[in-house]
Structures are given as structure tokens and as C-alpha cells.
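Structure record follows, encoded as C-alpha cells.
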Amino acid sequence: TWEMLAERNNGGKMKSSKLTGVIVLLVMLAGIGLADSRFRGSRFEKLHMFRLIQAFELFSPRFVLKNRETLGLTENQVESIESEILRFKKFALKHGALIKINELKLVSILSKDPVDRKWVAQMIRKIGRLKTDSFIRYIHHLFDVKEILTAKQINMLIQLKQVPKKSVPKEA
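In this note's numbering, the protein residues as written are 4 to 175.
Structure, rendered in C-alpha cells:
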């Protein structure tokens, strides 16, 4: 799509002001991406998410289900966690689609001549809000899973997280 922008503007040569505008927008979109560590992410974003999860003693539902025998989860707890996973998956799919649609709208807006900066700013804010909502919903999802567990099970999960993984010797 960026190639379409370049071809549309002076046969592949973008005006310097438009090029500067596109670069600024790319930087802004990269900044918005920080709000969505769950769905897209750099090492920094994942580290930030990891620290947040660690601070609140939150656990991945998959990790909890993987250790269901060790934790002694009841059948009711397993069903509740699985239904929470499905509920979050539905949300993630719908919200991910909304984000993608709005990103495509933004590209469409940028391809018009002249670019309506006010509309571009609105779209970037909208995309940022959607990504932030996704991040917040993921944290709520982890809290919902934590609420299903007993205090004893949470303590067991904390201990499981602290156990280092067995290292596999490298073959020469």
C-alpha cells in the first residue's frame, strides 16, 4: 500500500512534505503499538508486560491448565478457565479485526491528495484506543482466571514459576 502512495504522488517521487508526514505517522503508529503488548510486540513491550504480570501474580490460563493435576483443579475450575479462554479469544478476534480495518482506513486516507491531517489524527487516536482496550481486556482476562483459583493454588503457581526449567545439553 505504501508503494501505491509513492506511485500516486509524482510517478513514484513523493513530495518532501508528504514524505515527512508519512514518517511522522509511522512513528506515531509505532508509539500506539506500545499499548498492545499482547497482540504485537517488541522485546521492550513483552518485558513491560512480563513485569506487570509478575507484579500482580497473574498467570497464563494455558500455564494453569497445563499444571491442572499439580494444582488439583476441580472439574468446575477447569471448565471456568476454558470458558474464559474462549471468551477472550472471541474478543481478541473481533477487536483485532476492528484494529486492522481502521489501519486500512488510515492507509486509504493517507493515499488521498491532499491528506486531511485532522482525519488522520482522529484515526490514529481511534486505533490507539482500540489497542489500549485490547491490552486492558487481556489484563482483565488474567485477573478473571486468577479469581477462579484458590489462594493455595496461586501459591503453588508462584512456586512453579520460580522453578528453573531443566536445561537440555547441546549436542556438538
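C-beta atoms are modelled at their ideal positions from N, C-alpha and C, and glycine is treated no differently.
- Scanning Gln-80, Trp-122 and His-98 for the CA closest to the CA of Arg-132 turns up His-98.
- When secondary structure is reduced to three states using DSSP, Phe-62 falls in the coil class, being assigned neither helix nor strand.
- CA-CA distance, Ile-127 to Phe-146, rounds to 29 angstroms.
- Residue nearest to Val-110 within the set Glu-87, Met-159 and Val-123 is Val-123 (criterion: CA-CA distance).
- In the structure shown, Thr-153 falls within a coil segment according to DSSP collapsed to helix, strand and coil.
- Of the candidates Pro-64, Ser-114 and Glu-60, the residue whose Cα lies closest to the Cα of Phe-91 is Pro-64.
- Using a Cβ distance threshold of 7 angstroms, Ile-151 and Ser-86 do not count as a contacting pair.
- A Cβ-Cβ separation of about 14 angstroms leaves Val-148 out of contact with Phe-94 under the 8 angstroms criterion.
- In the three-state reduction of the DSSP assignment, Asn-70 falls in the coil class, being assigned neither a helical nor a strand state.
- When the Cα atoms are used, Glu-60 and Ile-139 turn out to be separated by approximately 16 angstroms.
- In this structure, Leu-74 sits away from Gln-165, with a CB-CB distance that is not shorter than 7 angstroms.
- In this structure, the straight-line span from the alpha carbon of Pro-117 to that of His-143 is close to 42 angstroms.
- For Gly-75, the secondary structure class from DSSP, reduced to helix, strand or coil, is coil.
- Within the same chain, and ignoring the five residues on either side of Leu-101 in sequence, the residues whose Cβ sits closer than 8 angstroms to its Cβ are Leu-133.
- With respect to Leu-163, Asn-70 sits close: the two C-beta atoms are nearer than 7 angstroms.
- Take Ile-88, set aside five residues on each side of it, and the residues of its chain with a beta-carbon closer than 6 angstroms to its own are Pro-64, in chain order.
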